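Take the UniProt record's numbering: the final residue in the sequence shown is number 432, and no numbers are missing along the way.
Where is the CB? At the ideal position from N, CA and C, for every residue including glycine.
On a predicted model such as this, the values are computed, not experimentally measured, just so you know.
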Amino acid sequence: MALTSSNSLNSHLHEVVFSDRHYINKLDQLKDLINYLDKSPRLPNQNFFMLIRPRGFGLSMANEAIESLLSRDEMLIDHLQNKLENQVDLTDLNSYAVLHLSFTNPKANNLSSFIQELQATLQKQIWEHHVKLKVQMSLGTDLRQQMVNLIKGIADLNKQQVVILVDNYDLPIYTVRRLEDETERQQALALYFDMLNAFRQAGEYVKFCLLAGHIKFGLSNNMSEGLPHVVDLSFSDIAATVIGFTVDEVKKSYAEDLARVAPQQGITQAEYLKALEACYGGFCFSDKMQKVLCPMSVTRALDNDGDLYAFSCDHNYNFVSEVIEETEPDLAWLIDKDGQDQLFLEEIDLFPKDKQLGSMLLQLGFVSVNKVTFAEGEHSLSWRYRFGLTNVEMRRAFMILMKQARPELRELPINPRVFHAGEDAYLITDED
C-alpha cells in the first residue's frame, strides 16, 4: 500500500496508486496495524488510539489507506492487485463503515468562528454520508449530539460498526491557542473535546478510533470529559516503520532512481544512499531503534535530480516558532545527554515550557532517540534515553527556528560528501 508517493505533489492515495509510479509497498505492515487496532482487547468503552508523526510522513495518506481497506475500495484494490507481485489478500481484515474527519487550515480568531469551523467539518460528513439529521446546524447546536447522531446514522445505513479516523486532530487546538481571551480558549477547547467525546457516547456503534496528528495534546479539561483514555502508539513496535522508509526499502524500491541520480551528484549509489540516510533518516519510533527516513524529503530529493535540500523548512512550524519566541529556551539539557526520561509520549500544554519543549521537539522530529539504556535488575522499572538532532535536514530547520541561522539556509544545497559545507555563511552571530 502506498503511503507516500515518489511525486511530492500527489497528496491523495488514489492519485498515488493510479499514477503508475513505483512506490514502497506497506500493505502487510498496514494490515498488521489495522488488525491491532481492530482486535486489541477492548477497554470498558471503545478502543481509542493516537498516532503522532513529524510533518512529511504522510499521516493523512495512511488514514486514507486504512479507510480504503476497511471500506473495500474496489477500484483501488483492483489496481493494487495488478501492480503488486503478491495477491492482495484481505480475508484476514474485517470490513467496516468509516467516518473520516479531516481538519485543515483553521482560520478562526474568536469563539463563534471556531464553532462554525467545527460545524463545517461535521456538516461535510453529513452530506458525504447522506445522513439526514432532524436538527439543522446553528451556533447553539449541540455538536456532541449531532456527532453521535451522525455515527448512528452511518452505522444504520451500512449495517456495520463505524471506524473513526481523524486527520490533524491537533489543528483545532492550535487554533484555540490563538484566541486572545482565556475564557473563550477554555470554552473552545471544551466544545472540541465534547465533539470528540461523541465517539465514546456512541457506544457499540463505534469499533475503534484513530487520531492522527503532529503534537500530542491532552483531550480533556475541567469543562469537558473529552477522550481521557487514549492509547498512544506513537512510540511502539506495531507502528514503528509502517509510516516512513527504511534504508533497505529505499534501496530496493528506488533502485532505478538511485542509479539515475547518483552519477549526476558525482558519487556512487551506495554513497548517495548514505547521504539520503544522513540528511533525511534517523527518525526512531520505538525502543527497538528501527530508524526510518522521511518519505516526503526522500521523494522530493529523487524528483529533484538527486539535489539535497532541507525540504522540511517548508513545513508550517508556526506553533513551535511561537513557543520558542515566548520561552527563549535553553535546550542544552536535551541534546546529547544520557539518562533522559521517555519524553516522546508526554502531553503538551497550549503554552508548553520546561521538559514539554523536549517532548514537542521529539514529536515534531527535530530531535530523535539515538540511544536506549535498558532497565537492569528486577527493581529497575524505567529505561533511559539519549536524544540528538535527527539529521542534517532537521538540524538546519532547528537552527533557523532557534534563530541560530538565517532562513536562507533552506536554499543552500546539502553537499552529499560534506554535509555542513557552506553553512557558516548563514550563521547568526552576536554582531548580527
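- Listed in chain order, the alpha helix (DSSP H) runs fully inside the segment 120-174 are 143-158, counting runs of at least 4 residues.
- For Cys279, DSSP records no beta bridge to any residue.
- Two segments are said to touch when three or more pairs of C-beta atoms, one from each, lie closer than 8 Å; by this definition the segment 247-259 does not touch the segment 201-208.
- Around the beta carbon of Asp194, 16 or more other beta carbons lie within 10 angstroms, which makes this residue buried.
- A contact is defined here as three or more CB-CB pairs under 8 Å, and the segment 284-298 meets this definition with respect to the segment 364-377.
- In the three-state scheme derived from DSSP, where H, G and I count as helix and E and B as strand, Lys403 is classed as coil.
- Burial is judged here by how many other beta carbons sit within 10 angstroms of a residue's own beta carbon; Thr299 has at least 16 and is buried.
- In the DSSP annotation of this structure, Tyr254 is not part of any beta strand (DSSP E), being labelled neither H nor E.
- Between the beta-carbon of Lys251 and that of Leu219 there is about 40 Å, and that puts the pair past the 8 Å contact cut.
- The beta carbon of Arg177 sits closer than 6 Å to the beta carbons of Leu350 from its chain, once the five residues preceding and following it are set aside; these are given in chain order.
- Listed in chain order, the non-local C-beta contacts of Glu74 below 7 Å within the same chain number zero, local neighbours out to five positions each way being set aside.
- If the five residues before and after Thr268 are omitted, its C-beta is found closer than 8 Å to the C-beta atoms of Ala262, all from its own chain and listed in chain order.
- Distance from the CA atom of Leu233 to the CA atom of Leu51, rounded to whole angstroms, is 5 Å.
- Shown here for Thr175: same chain residues with a beta carbon closer than 7 Å to its own, the five before and five after excluded, namely Pro106, Ala108, Phe114 in chain order.
- A distance below 8 Å between beta-carbons, with the five flanking residues on each side excluded, links Phe49 to the following residues of its chain, in chain order: Leu37, Phe208, Cys209, Leu210, Leu211, Val230, Val231, Asp232, Leu233.
- Secondary structure note for Lys31: its alpha helix (DSSP H) is the uninterrupted segment 27-39.
- For Ile52, the enclosing beta strand (DSSP E) starts and ends at 47-52.
- Note on the segment 208-272: whole alpha helix (DSSP H) runs with a minimum of 4 residues are 247-253, 255-264, in chain order.
- Within the same chain, Ser359 come within 6 Å of Glu346 by CB-CB distance, once the 5 residues on both sides are set aside.
- A direct Cα-to-Cα measurement between Glu271 and Ile66 gives close to 35 Å.
- An exposed status is given to Ala425, since fewer than 16 other beta-carbon atoms sit within 10 Å of its beta-carbon.
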